[in-house]
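Engineer: Supplied in structure tokens, the structure appears directly below.
There are 2 protein chains.
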Amino acid sequence: MNIGDAAEASGLPPKTIRYYEEIGLLQPDRRGNNYRDYSGSHIHSLRFLARARSLGFSIEDCRQLLSLYGDRCRASADVKAIARGHIEEIDRKIGELEQMRATLSALVDACHGDARPDCPILEGLAG
Amino acid sequence: MNIGDAAEASGLPPKTIRYYEEIGLLQPDRRGNNYRDYSGSHIHSLRFLARARSLGFSIEDCRQLLSLYGDRCRASADVKAIARGHIEEIDRKIGELEQMRATLSALVDACHGDARPDCPILEGLAG
DNA sequence: AATAAAGGTTCCAGCAACTGGAAGTTCAAG
DNA sequence: CTTGAACTTCCAGTTGCTGGAACCTTTATT
């Protein structure tokens with residue numbers, strides 16, 4: 001299967017798939033014409049990667065998850081630990097964003113937002 | 128005022144301050160020895176930038192906000208529009224993260240997380 | 001059979017917003 | 001006078017791709 005079809009099948013752009021190969025996430029076979037050749041299990045891995053990335057896992061997390069995915073003797077505890085760590089990270093980010101949102105939205109509410117130059121938002125930023 | 132003191136006064140690292148200069152956010156004076164020289168109003172701008180960045184405004188947003196901040200004839204509506212746009216962006220990000228969190232946390236809850244290889248998280252990622 | 005279009009290949013550059021490090025001034029203290 | 005801190009510039013690396021150039025192979029059309 002050519003990279004274009006692999007892209008179609010996995011939902012990842014060809015560029016991204018080549019990039020994943022470059023950083024050693026996934027090594028496809030090569031055909032006589034030097035074209036990459038993706039098997040069913042490659043496609044499976046690509047879809048796995050696509051989902052893991054869409055859930056916000058870092059590339060390094062993905063590397064570990066993929067390795068655990070391919071390890072028939074893995075302990076589910078290892079996977080769970082990575083996922084838990086990632087949830088904590090997500091919670092941290094959500095917290096930060098909500099903090100920003102609250103501050104910002106207080107400033108926006110205080111601003112009349114018309115043609116006059118007086119502006120509580122800028123004043124708030126100026127401190 | 129030297130860059131080290133400006134860093135101290137603004138809370139931004141010297142590297143960041145130089146970077147802001149490089150991208151044209153803020154032009155300090157130069158002394159005879161080629162050292163950068165920051166005035167009170169420079170410090171004010173740096174603190175403004177530090178706060179705006181900590182609220183998640185992009186550098187380009189900051190550039191506009193800083194320009195509005197320095198414009199005595201600005202309309203507060205312009206500022207409010209930028210801030211509103213940014214809040215929307217924050218809301219979008221929060222939404223995405225919460226979506227991820229929900230999916231991920233369902234997977235984590237389904238995973239027994241012990242020494243056995245059976246793992247709903249990996250199965251979920253595999254699709 | 002010739003050719004054009006589509007899809008493959010490599011490599012290099014760039015995005016955001018810094019950050020680290022090297023190599024070379026200049027300044028302040030003892 | 002020397003040591004060390006703080007300053008200068010420039011280049012490389014971070015994360016995770018993405019765009020483009022230059023070239024090769026396959027496929028479709030004439």
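Protein sequence lines correspond, in order, to chains L and Y.
Oh and the first sequence: position 69 is 69 in this note's numbering, straight run, nothing missing.
Here this note's numbering runs 127 ahead of the position in the second sequence, where the first position is 1.
Glycine included, C-beta positions come from ideal geometry on N, C-alpha and C.
Being a predicted model, the structure only gives us computed values, none of them experimental.
Considering just the uninterrupted stretch of the alpha helix (DSSP H) at I247 (chain Y), what are its terminal residues?
Structural biologist: It is Pro, not Ile, that sits at residue 247 (chain Y) in the sequence shown. Taken as a continuous stretch (DSSP letters only), the alpha helix (DSSP H) holding P247 (chain Y) covers 247-253.
Engineer: Pull up the distance between the alpha-carbon of D241 (chain Y) and that of L249 (chain Y), whole angstroms please.
Structural biologist: One C-alpha to the other measures close to 14 Å.
Engineer: May I have the straight-line CA-CA distance separating D236 (chain Y) from L55 (chain L), to the nearest angstrom?
Structural biologist: Cα to Cα, the separation comes out at about 16 Å.
Engineer: Does L97 (chain L) have its Cβ less than 8 Å from a Cβ in chain Y?
Structural biologist: So yes, L97 (chain L) belongs to the interface.
Engineer: By the three-class DSSP mapping on this structure, what secondary structure does D5 (chain L) have?
Structural biologist: It is helical.
Engineer: What is the DSSP secondary structure of D109 (chain L), counted as helix, strand or coil?
Structural biologist: Three-state DSSP puts D109 (chain L) in a helix.
Engineer: Taking G40 (chain L) as part of the alpha helix (DSSP H), name the residues at either end of that continuous run.
Structural biologist: It spans 40-54 - the alpha helix (DSSP H) in which G40 (chain L) sits, taken as one unbroken run.
Engineer: Inspect the CB distances between the segment 95-110 of chain L and the segment 179-199 of chain Y and report whether three or more fall short of 8 Å.
Structural biologist: Taking 8 Å as the limit for Cβ pairs, the verdict is that the segment 179-199 of chain Y does touch the segment 95-110 of chain L.
Engineer: What does the alpha-carbon distance come out to for the pair R47 (chain L) and A253 (chain Y)?
Structural biologist: Cα to Cα, R47 (chain L) sits roughly 7 Å from A253 (chain Y).
Engineer: To be precise: take each residue of the segment 231-246 of chain Y, compare its Cβ to all Cβ atoms of chain L, and keep it if any distance is under 7 Å. Which residues remain?
Structural biologist: Those residues of the segment 231-246 of chain Y that come within reach of chain L (Cβ to Cβ, closer than 7 Å) are L231, S232, L234, V235, C238, H239, G240, D241, A242, R243, P244, D245, C246.
Engineer: Residues in its own chain within less than 8 Å of N2 (chain L) by CB, not counting five upstream and five downstream?
Structural biologist: The residues are Y35, R36, D37, Y38.
Engineer: Under DSSP, the alpha helix (DSSP H) around R63 (chain L) begins and ends at which residues?
Structural biologist: Its alpha helix (DSSP H) spans residues 59-69.
Engineer: Output the distance between the C-alpha atoms of P247 (chain Y) and L65 (chain L), rounded to the nearest integer angstrom.
Structural biologist: P247 (chain Y) and L65 (chain L): Cα-Cα distance of roughly 13 Å.
Engineer: So is H213 (chain Y) in contact with chain L if we call contact Cβ pairs under 8 Å?
Structural biologist: Closer than 8 Å to some Cβ of chain L, the Cβ of H213 (chain Y) qualifies, so yes.
Engineer: Return the chain-ordered list of same chain residues with a C-beta closer than 8 Å to the C-beta of S203 (chain Y), the five sequence neighbours on each side being excluded.
Structural biologist: Cβ neighbours of S203 (chain Y) beyond the five flanking positions: none.
Engineer: Please check if any C-beta of chain L sits within less than 8 Å of the C-beta of M227 (chain Y).
Structural biologist: It does; some Cβ of chain L falls within 8 Å.
Engineer: C111 (chain L) to K207 (chain Y), Cα distance in whole Å?
Structural biologist: Rounded to whole angstroms, C111 (chain L) to K207 (chain Y) spans 7 Å at the Cα level.
Engineer: If you run the structure through DSSP and keep just helix, strand and coil, what is R101 (chain L)?
Structural biologist: Three-state DSSP puts R101 (chain L) in a helix.
Engineer: Of all the options Y:E225, Y:E215, Y:R158, which has the alpha carbon lying nearest to the alpha carbon of M100 (chain L)?
Structural biologist: Of the listed residues, the one whose Cα sits closest to M100 (chain L) is Y:E215.
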